[in-house]
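Okay, so here's the structure we're looking at.
Protein chains in written order, with the numbering used here: chain A, 31 to 360; chain B, 31 to 360.
If you want it as structure tokens, here you go:
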């Protein structure tokens with residue numbers, strides 16, 4: 031059905047009807063504001079903006095995947111605080127050429143992940159727009175004391191969950207229409223790019239056990255996001271290039287790019303955190319509980335050293351860019 | 031300074047530094063998510079999307095006014111629930127041609143209203159975009175039991191705060207570059223369009239005294255927004271055209287448009303509510319406390335009657351459109 035026939039309120043009514051009323055939702059879609067329960071007298075809240083042509087290209091992603099990813103990237107921010115995601119507000123700018131089933135596809139992607147994660151859509155806004163734009167705001171329960179970026183200390187270990195660079199390498203292969211895209215290895219990378227996993231269990235356990243002293247999710251690239259921790263915690267960092275966790279697909283397909291994507295490529299949505307040296311055993315214990323590798327990749331040093339990456343011979347590597355900056359890349 | 035020189039994180043740092051840390055903010059701008067206190071174990075939350083060329087035109091508004099309005103329209107949604115606004119998340123898509131002082135101007139408009147209203151900016155997102163887009167998410171404290179749209183009953187009175195149609199008439203004058211724009215009366219209308227007032231005190235008192243049984247803010251036009259109350263409460267409504275509260279400026283400048291803007295024009299951000307007939311004295315009492323007129327404009331009837339507007343002779347008026355629908359106007 032054409033959106034112009036369905037109308038704005040017809041669309042909202044459809045979304046409302048297909049939304050399961052979640053736990054803690056006192057009043058969901060359909061009033062001036064949503065009314066939701068919070069725990070511990072407080073809540074976590076994060077927002078993300080995704081714009082067609084800037085953050086995504088409908089050539090490389092389906093609307094279903096895009097919906098899924100919209101929620102996943104916001105969940106990743108809540109995971110990086112050690113929290114549990116709960117309520118989503120979704121504002122959409124929709125091109126006039128879209129049919130209602132296009133919009134439905136996007137919501138289907140969101141719903142599939144929301145149902146699995148206990149997240150409820152409670153509100154938002156809809157409008158026409160020249161190109162597709164998605165603005166999400168996700169609220170979560172803090173659970174334990176949220177893990178900020180400023181608690182790392184000199185001597186701490188630096189860890190990362192999962193593997194790095196898969197998403198950026200996938201985008202690179204897609205953009206240059208690499209013939210390798212048909213291989214299962216490349217398909218794995220593309221799925222990492224299109225359906226990132228927020229490390230909720232890891233984040234929550236690391237917060238509960240007070241192991242992560244500073245934590246962030248890797249969205250703009252390892253070096254850049256580590257830079258945020260360093261700045262907030264007033265420390266420097268030494269990374270061992272050899273230790274970076276790489277998937278088999280990444281190792282097979284990265285070619286001349288080497289570890290560049292793993293160091294500076296964005297959208298991995300893995301958790302990067304710092305923990306006391308004395309907690310190494312405890313971190314290993316957590317790893318067993320969450321079924322996702324946690325890799326020690328470096329350590330925190332004096333801030334005068336900045337961020338240094340050493341290769342396997344102990345030689346300092348230099349990087350032209352540390353990661354993504356929206357305005358500097360204009 | 032060019033935004034490309036300042037960079038995304040330079041911009042965020044500037045915004046962070048110029049933001050006063052508000053009450054209840056445990057962790058504001060600068061981490062993966064904000065962490066805020068909530069009262070009564072719950073919170074209200076609303077979102078709005080403003081897109082250049084759809085919701086605003088930089089020909090008719092300054093960036094300062096736009097910032098102010100962004101917050102005001104979200105505050106109006108919280109007011110319509112009887113709540114108190116508290117925390118704002120602001121996501122901006124910024125054209126590459128913008129200088130950092132343009133963005134600063136927008137934030138200045140937001141800050142001026144935020145300071146007056148006890149609202150703190152706690153997070154958001156920034157990105158480049160082809161045209162300016164603003165996505166806001168506002169959280170508030172419920173205060174008392176939030177006033178929804180579904181509590182109106184047959185026989186209730188219908189009231190509205192302030193005056194209607196000023197904003198739509200102002201936009202109309204601006205769009206047709208009316209020569210009357212230089213007059214003080216037109217300037218009053220334009221200020222109503224550019225700097226709308228959220229009726230927070232009225233909303234909060236009407237909720238506290240349990241006078242408003244159903245409430246909504248007039249954002250899409252009186253008839254359309256009344257339609258939302260009617261649908262949710264399963265009632266119809268009779269409005270007396272003669273009773274519609276009009277400003278002197280509106281009466282002087284509406285000309286051939288008559289009461290059209292007052293009935294179907296959007297962006298008044300007045301509160302529309304239904305109250306028991308037996309509460310007329312109490313509503314008058316509230317009016318004295320808030321320094322804003324509250325006008326009885328009709329009554330709730332059986333749903334089979336739909337929404338009827340009667341002129342001064344008791345004749346039914348017909349309307350081609352009831353208000354704004356983003357997709358139907360494609």
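Using N, Cα and C, we set each Cβ at its ideal position, and we do this for glycine too.
Residue 220/B versus residue 95/B - alpha carbon distance: Here residue 220/B corresponds to residue number 190 of the second chain, with the count starting at 1. Here residue 95/B corresponds to residue number 65 of the second chain, with the count starting at 1. So the alpha carbons of these two residues sit roughly 11 Å apart.
CB-CB length for residue 201/B against residue 211/B, believed under 8 Å: Within the second chain, residue 201/B is the residue found at index 171, counting from 1. Within the second chain, residue 211/B is the residue found at index 181, counting from 1. Incorrect: roughly 12 Å between the Cβ atoms, too far for contact.
Stretch pair the segment 174-187 of chain A + the segment 102-112 of chain A: three plus CB contacts closer than 8 Å: yes
Segment contact flag, the segment 248-255 of chain B with the segment 187-198 of chain B, C-beta cutoff 8 Å, min 3 pairs: Output reads yes: the segment 187-198 of chain B touches the segment 248-255 of chain B.
Buried versus exposed, by CB contacts within 10 Å (16 or more), residue 131/A: Mapped onto the first chain, residue 131/A falls at position 101. That one is exposed.
Backbone secondary structure at residue 31/A - three-state DSSP: As a working mapping, residue 31/A is identified with position 1 in the first chain. Coil at residue 31/A, not helix or strand.
Opening and closing residue of the alpha helix (DSSP H) in which residue 198/A lies: The count along the first chain starts at 1 and reaches residue 198/A at position 168. Residues 196-205.
Whole beta strand (DSSP E) elements within the segment 111-146 of chain A, 3-residue minimum: Complete beta strand (DSSP E) runs here, min 3: 114-124.
Nonlocal neighbours in the same chain, by C-beta distance under 8 Å from residue 360/B, ignoring five residues either side: For the purposes of this step, residue 360/B is taken as residue 330 along the second chain, with counting starting at 1. Any reading at residue 360/B must be qualified, since the residue scores a pLDDT of 44, below 50, and its modelled position is unreliable; the value itself is stated next. If we look at residue 360/B and ignore the five residues flanking it on each side, it has no Cβ neighbours.
Near the ligand SAH: residue 200/B beta-carbon under 6 Å from a heavy atom: The model on display carries no ligand, and the ligand SAH is accordingly not part of it.
Residue span of the beta strand (DSSP E) that contains residue 156/B, given as start and end: Sequence index remark: in the second chain, residue 156/B carries index 126 (1-based). Run containing residue 156/B: 150-158, per the beta strand (DSSP E) assignment.
Listed by chain order, chain B residues near residue 119/A by CB distance under 7 Å: On the first chain, position 89 is the one that residue 119/A refers to. Per Cβ cutoff of 7 Å: 75, 77 and 167.
Cβ pair count under 8 Å reaching 3, the segment 133-141 of chain A against the segment 68-85 of chain A: no
Within 7 Å of chain A by C-beta, residues of the segment 49-68 of chain B in sequence order: 56, 57, 61, 62, 63, 64, 65, 66, 67 and 68
Beta bridge counterpart(s) of residue 66/B as assigned by DSSP: As a first step, residue 66/B is located in the second chain; it is residue number 36 there, counting from the start. DSSP, once it has assigned bridges, lists 73/A and 55/B as partnering residue 66/B.
Pairwise C-alpha distance: residue 169/A and residue 146/A: What you label residue 146/A is simply residue 116 of the first chain in a count that begins at 1. What you label residue 169/A is simply residue 139 of the first chain in a count that begins at 1. Looking at the backbone, the Cα of residue 146/A and that of residue 169/A are separated by about 16 Å.
Neighbour-count burial assignment, residue 162/A, 16 or more Cβ in a 10 Å radius: On the first chain, residue 162/A is found 132 positions in, with the first residue counted as 1. Buried, because 16 or more other Cβ atoms sit within 10 Å of the Cβ of residue 162/A.
As assigned by DSSP and simplified to three states, the class of residue 329/B: What you label residue 329/B is simply residue 299 of the second chain in a count that begins at 1. Residue 329/B: strand per DSSP, three-state reduction.
Coil, strand or helix - residue 280/A by DSSP: Within the first chain, the letter at position 250 stands for residue 280/A. In the structure shown, residue 280/A sits in a helix (DSSP, three-state: H, G or I).
Proximal chain B residues relative to residue 190/A, where beta-carbon distance stays under 8 Å: The sequence position of residue 190/A within the first chain is 160, counting from 1. Within 8 Å Cβ-Cβ: nothing; residue 190/A doesn't reach chain B, min ~15 Å.
Distance CB(residue 215/A)-CB(residue 282/A) smaller than 7 Å: The count along the first chain starts at 1 and reaches residue 215/A at position 185. The count along the first chain starts at 1 and reaches residue 282/A at position 252. Contact flag set, yes.
Touching by the beta-carbon criterion (3+ pairs, under 8 Å), the segment 273-293 of chain A and the segment 233-240 of chain A: no
Distance, residue 148/B Cα to residue 153/A Cα: Here residue 153/A refers to the residue found at position 123 of the first chain. Here residue 148/B refers to the residue found at position 118 of the second chain. Approximately 23 Å between the Cα atoms of the pair.
Span of the beta strand (DSSP E), counted from its first residue to its last, around residue 244/B: Here residue 244/B refers to the residue found at position 214 of the second chain. Start and end: 244-247.
When 345/A, 66/A and 191/A are compared against residue 316/A, the one with the closest alpha-carbon: What you label residue 316/A is simply residue 286 of the first chain in a count that begins at 1. Relative to residue 316/A, the option among 345/A, 66/A and 191/A whose CA is nearest is 191/A.
Reduced DSSP category for residue 86/A - H, G, I as helix; E, B as strand; rest coil: Residue numbering aside, residue 86/A sits at position 56 when the first chain is read from its first letter. Reduced to three states, the DSSP call for residue 86/A is strand.
Contact under 7 Å by Cβ, residue 257/A with residue 332/A: Looking up residue 257/A in the first chain gives position 227. Looking up residue 332/A in the first chain gives position 302. Cβ atoms of residue 257/A and residue 332/A: not closer than 7 Å.
Beta-bridge partners of residue 165/A, as assigned by DSSP: Residue numbering aside, residue 165/A sits at position 135 when the first chain is read from its first letter. According to the DSSP secondary-structure assignment, residue 165/A is paired through a beta bridge with 79/A and 121/A.
Minimum Cβ-Cβ distance from residue 123/B to chain A less than 7 Å: Along the second chain, one-based indexing puts residue 123/B at 93. It does; some Cβ of chain A falls within 7 Å.
7 Å Cβ cutoff met for residue 364/A and residue 324/A: Here chain A covers residues 31 to 360 and nothing more, so residue 364/A does not appear.
Integer-rounded CB distance, given that residue 55/B should sit under 8 Å from residue 66/A: Here residue 66/A refers to the residue found at position 36 of the first chain. Here residue 55/B refers to the residue found at position 25 of the second chain. With a Cβ gap of about 18 Å, residue 66/A and residue 55/B do not count as contacting.
Pair within 7 Å by beta-carbon distance, residue 155/A and residue 77/B: As a position in the first chain, residue 155/A is number 125, starting the count at 1. As a position in the second chain, residue 77/B is number 47, starting the count at 1. In contact: residue 155/A and residue 77/B (Cβ atoms closer than 7 Å).
Cβ-Cβ separation, residue 166/A to residue 123/A (assumed contact under 8 Å), whole Å: Mapped onto the first chain, residue 123/A falls at position 93. Mapped onto the first chain, residue 166/A falls at position 136. Not quite, the Cβ-Cβ distance comes to about 12 Å (not below 8 Å), so this is no contact.
Helix, strand or coil at residue 218/B [DSSP, three-state]: To locate residue 218/B, count along the second chain from 1; it is residue 188. In this structure, residue 218/B counts as helix in the three-state DSSP scheme.
Three-state secondary structure (DSSP) of residue 103/A: What you label residue 103/A is simply residue 73 of the first chain in a count that begins at 1. The answer is helix: DSSP assigns residue 103/A an H, G or I state.
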